[in-house]
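Numbering (our numbering), first residue to last: 1 to 261. Read the structure below first, then the notes.
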């Protein structure tokens, strides 16, 4: 059983929700990646999503785009990221998921990419520009290596298609909560909670909400309708400001000590 599946089974037993922080690998220097992964686990991360900087990040908003530019200017490469994750595995035990686009994987070579991330201790991949109709180019290789391909659904995905995607998926189902790119937002459409409930009803997988979630009230509200949340731009911003106390405070929102849920 993959680490991601085990983690969500344990969360369900404890009636807890997942907090999944996103960071951009290489932002602040690739040499910071191991330390940041260790910090996120220490602050209570359930799974860590590690972004791969890319020059054409179609799903990412300004904050993550700027982080990607900083990382590329630092000379960050996919090969270097995988090497740092392998080092981190000596200290980090929670699941690590790579968020990347198809072109870096193609450039790397699909077979070599899958073999490399398996050896490094990566648990899965999110590839937002890979529709299920095209996923045969990599999904079988990931499955054979015991790695999860985390699929995405959005506010415009029909329930029938959500069922189809969920039935093909493992790990968790990433539900995009906005009609647009990543980035902090003041509020969400009033129907997002209802949509998350409908995705949960249609999905056999744990449902995690992501995109635009950046403060405590949003984390509490959206996680009440699903199995957890991904927080990206706010985490990237806090690391960029070296605001570790702010990071720890944000990530403690779903902790049992706060007794919110």
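Glycine included, C-beta positions come from ideal geometry on N, C-alpha and C.
Once you ignore the five residues that flank residue i on each side, which residues in its own chain have a CB closer than 6 Å to its CB?
{"i": "residue 120", "result": "82, 85 and 86"}
{"i": "residue 259", "result": "In this prediction, residue 259 has a pLDDT of 49, which is less than 50 and means its spatial position is unreliable; what the coordinates show is noted afterwards. Cβ within range, chain order: n/a, list empty."}
{"i": "residue 193", "result": "225"}
{"i": "residue 57", "result": "65 and 68"}
{"i": "residue 148", "result": "2, 4, 124, 170 and 171"}
Check the C-beta distance from residue i over to residue j and give it rounded, since I have them as a contact under 8 Å.
{"i": "residue 124", "j": "residue 171", "result": "5 Å"}
{"i": "residue 153", "j": "residue 130", "result": "With 8 Å as the limit, residue 153 and residue 130 do not qualify as a contact, their Cβ atoms being about 13 Å apart."}
{"i": "residue 63", "j": "residue 233", "result": "4 Å"}
{"i": "residue 227", "j": "residue 54", "result": "So it is not a contact: roughly 28 Å between Cβ atoms."}
{"i": "residue 223", "j": "residue 250", "result": "Going by Cβ atoms, the distance from residue 223 to residue 250 rounds to 13 Å, so no, they are not a contact pair."}
{"i": "residue 179", "j": "residue 155", "result": "6 Å"}
{"i": "residue 29", "j": "residue 74", "result": "5 Å"}
{"i": "residue 252", "j": "residue 61", "result": "In fact, because the Cβ distance is near 25 Å, the residues do not count as touching under 8 Å."}
{"i": "residue 198", "j": "residue 159", "result": "6 Å"}
Got a sec, what are the start and stop residues for the alpha helix (DSSP H) residue i sits in?
{"i": "residue 106", "result": "102–108"}
{"i": "residue 251", "result": "244–251"}
{"i": "residue 159", "result": "159–168"}
{"i": "residue 9", "result": "3–13"}
{"i": "residue 37", "result": "33–42"}
{"i": "residue 221", "result": "216–223"}
{"i": "residue 63", "result": "62–73"}
{"i": "residue 85", "result": "78–88"}
{"i": "residue 176", "result": "First-last for residue 176: 173–176, but that is the beta strand (DSSP E), not the alpha helix (DSSP H)."}
{"i": "residue 235", "result": "233–240"}
{"i": "residue 57", "result": "Note, residue 57: premise wrong, no alpha helix (DSSP H); not H, not E."}
Based on Cα-Cα distance, which residue from the options lies nearest to residue i?
{"i": "residue 169", "options": "96, 32 and 139", "result": "139"}
{"i": "residue 240", "options": "2, 26 and 11", "result": "26"}
{"i": "residue 93", "options": "42, 157, 195 and 201", "result": "42"}
{"i": "residue 36", "options": "197, 236 and 165", "result": "236"}
{"i": "residue 231", "options": "117, 212 and 111", "result": "212"}
{"i": "residue 165", "options": "144, 110 and 150", "result": "150"}
{"i": "residue 217", "options": "110, 187, 11 and 198", "result": "187"}
{"i": "residue 304", "options": "40, 195, 30 and 133", "result": "What is shown of the chain runs 1 to 261, which leaves residue 304 out entirely."}
{"i": "residue 59", "options": "148, 176 and 219", "result": "176"}
{"i": "residue 106", "options": "135, 122, 95 and 189", "result": "135"}
{"i": "residue 141", "options": "133, 113 and 159", "result": "113"}
{"i": "residue 10", "options": "72, 95, 71 and 33", "result": "95"}
{"i": "residue 208", "options": "6, 167 and 17", "result": "17"}
{"i": "residue 33", "options": "71, 6 and 221", "result": "71"}
{"i": "residue 247", "options": "214, 229 and 111", "result": "214"}
{"i": "residue 132", "options": "143, 161 and 15", "result": "161"}
{"i": "residue 15", "options": "111, 143 and 206", "result": "206"}
{"i": "residue 143", "options": "111, 128 and 220", "result": "111"}
Along the chain, where does the beta strand (DSSP E) that runs through residue i open and close?
{"i": "residue 24", "result": "18–24"}
{"i": "residue 209", "result": "207–210"}
{"i": "residue 193", "result": "Looking at the DSSP string, residue 193 is not in any beta strand (DSSP E); the run it does join, the alpha helix (DSSP H), is 192–202."}
{"i": "residue 49", "result": "48–51"}
{"i": "residue 148", "result": "148–150"}
{"i": "residue 98", "result": "96–99"}
{"i": "residue 126", "result": "124–126"}
If you drop the 5 nearest sequence neighbours on each side, which residues of the same chain put their C-beta closer than 8 Å to that of residue i?
{"i": "residue 52", "result": "25, 78, 81, 98, 99, 100, 101 and 104"}
{"i": "residue 38", "result": "88, 91 and 92"}
{"i": "residue 163", "result": "202 and 203"}
{"i": "residue 118", "result": "145, 146 and 147"}
Indicate whether the contact test is met: 3 or more Cβ pairs, each with one atom in the region 10–30 and one in the region 46–60, closer than 8 Å. yes
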